[in-house]
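Have a look at the structure below before the remarks.
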Amino acid sequence: MSIHQRFVFKILCSILGCLCLPWMVWASNPSTAILKKIAIEYYTQLYSPDYEKAMQTYLHDDYIEHQKTAKYSRAGLASYVKSRLETYPNHRVLIYRAVAQNDMVFLHVEEKRGPGAEMTAVAELFRFAEGRIIEHWMAFQDFPKKLEKLGNFNGVVAGPNVNPNSQAGQQYAQATVDAMIKAFVKFETEGILSSFSPRYIQHTIGAADGPESLLGVVDFLKSKNLKTSIDVKHIVAEGDFVVILSLFTGPPMIPHTNVFDIFRLTEDGKKDEHWDVNEEIEPDDVAKIF
């Protein structure tokens, strides 16, 4: 696009009230920073009275929906959002962190439904094509307002955002996945303590801080003779964060579970902080959810 064309387009945008950003990224190969900005703008507008405009503006024509409560469809998503806003007039979404890599953007969100309501942790993952969202995965988990009663004093979404000056996430992403499988599929405890920082902060309900607490969890699962499986679907790493979307199973104790694990790493790849969003799913829904 020439300088003259850009000037004319900006004038048209100001006159017509267009959204310049989406148009510009559709015409080029957008950076992860731009994709992150689009994802945040879309999600914020989606849960507002302008949800139909958000879907029209930001969703690709070939959009694929993996959200069960949206009935795995674009139309179902519109119905879900409409119902959510009508049921909870004081509905708000708070985005705590965004992680982007290549064509993927992850948002870690707290959904607030109003005074007295449970809080909901939400994990949203978007895949982009041609500057628009072409595919969407998610999981949500409800929690009581007073998390301390469940042994969580760190909050299920609170904490730092991505450190853009770090490369630890991408450098140690696969090692982080391998450590998960070693601990929760192979039930091997050797090396667990050395792969976590001494101050390891845990945001999972009922889990204590410090790497020592994980040894007990692994030993407990091993004692039940479970055959667990972690089927990793997507990995998104940026800065010092790694986000892992997987299907976790371990019948009969552990049902099919849609899991987003979010790790913050130290510069030498040790796991320093962990959040997760877990949603139990029916076996028949696995193919649609992933």
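Numbering of the sequence shown is given in our numbering, commencing with residue 94 and proceeding in unit increments. Ideal placement from N, C-alpha and C gives every residue a C-beta, glycine not left out.
Under the three-state reduction of DSSP, R167 is assigned to helix. With respect to D378, K161 sits close: the two C-beta atoms are nearer than 8 Å. For L358, the enclosing beta strand (DSSP E) begins and ends at 347–358. The count of Cβ pairs closer than 8 Å, one atom from the segment 344–364 and one from the segment 137–152, stays below three, leaving the stretches out of contact. By the 16-neighbour rule on beta-carbons within 10 angstroms, E204 is buried. Scanning its chain for C-beta atoms nearer than 6 Å, with the 5 sequence neighbours on each side dropped, one finds around D333 the residues N256, S259, A261, G262, R357, L358, in chain order. Counting only residues of its own chain and dropping the five nearest sequence neighbours on each side, I227 has a CB closer than 7 Å to the CB of H153, D155, Y156, I157, R220, F221.
The beta carbon of S288 sits closer than 7 Å to those of A272, K363, K364, all from its chain and outside the five residues before and after it, given in chain order. Taken in chain order, the unbroken stretches of beta strand (DSSP E) that lie wholly in the segment 169–203 and span 3 residues or more are 185–194.
Within the model, the alpha-carbon separation for K317 versus E372 is close to 22 Å.
When the five nearest sequence neighbours on each side are left out, the beta carbons in the same chain lying within less than 6 Å of the beta carbon of Y135 are those of A147, Y151, in order along the chain. Contact between the segment 198–215 and the segment 179–190 is established, with three or more Cβ pairs separated by less than 8 Å. Taking all protein chains in view, the Cβ of E375 is surrounded by fewer than 16 other Cβ atoms within 10 Å, so the residue is classified as exposed. Contiguous alpha helix (DSSP H) elements confined to the segment 232–282 occur at 261–264, 266–277, taking only those with 4 or more residues. Cα atoms of D324 and F280: separation of roughly 16 Å, rounded to the nearest angstrom. Annotated three-state conformation of K381 is helix, per DSSP.
A residue is called buried when at least 16 other Cβ atoms come within 10 angstroms of its Cβ; E283 does not meet this threshold and is exposed.
By the criterion of a C-beta distance shorter than 6 Å, V335 is surrounded in its chain by G262, A266, T269, F356, once the five residues flanking it on both sides are discounted. Note that the C-beta distance between K129 and A193 is below 8 Å. Where A222 is concerned, the enclosing beta strand (DSSP E) starts and stops at 212–222. In the DSSP assignment, D324 forms a beta bridge with L340.
D369 counts as buried, since at least 16 other C-beta atoms from the protein chains shown sit within 10 angstroms of its C-beta.
Between the alpha carbons of G299 and H367 lies a distance of about 13 Å. G252 and D354 have their C-alpha atoms roughly 15 Å apart. With respect to the 8 Å criterion, F236 and A214 are classified as neighbours on the basis of their beta carbons. For the set S176, A276, T321, the Cα lying nearest the Cα of L308 is the one of A276. For I157, no alpha helix (DSSP H) segment is defined; the enclosing uninterrupted segment is the beta strand (DSSP E) at 152–158.
Per DSSP, I133 is one residue of the alpha helix (DSSP H) stretching across 125–139.
Ranked by Cα distance from P348, the first of K175, S176, P291, T321 is T321. DSSP, reduced to helix, strand and coil, places A300 outside both helices and strands of the structure shown, so it counts as coil.
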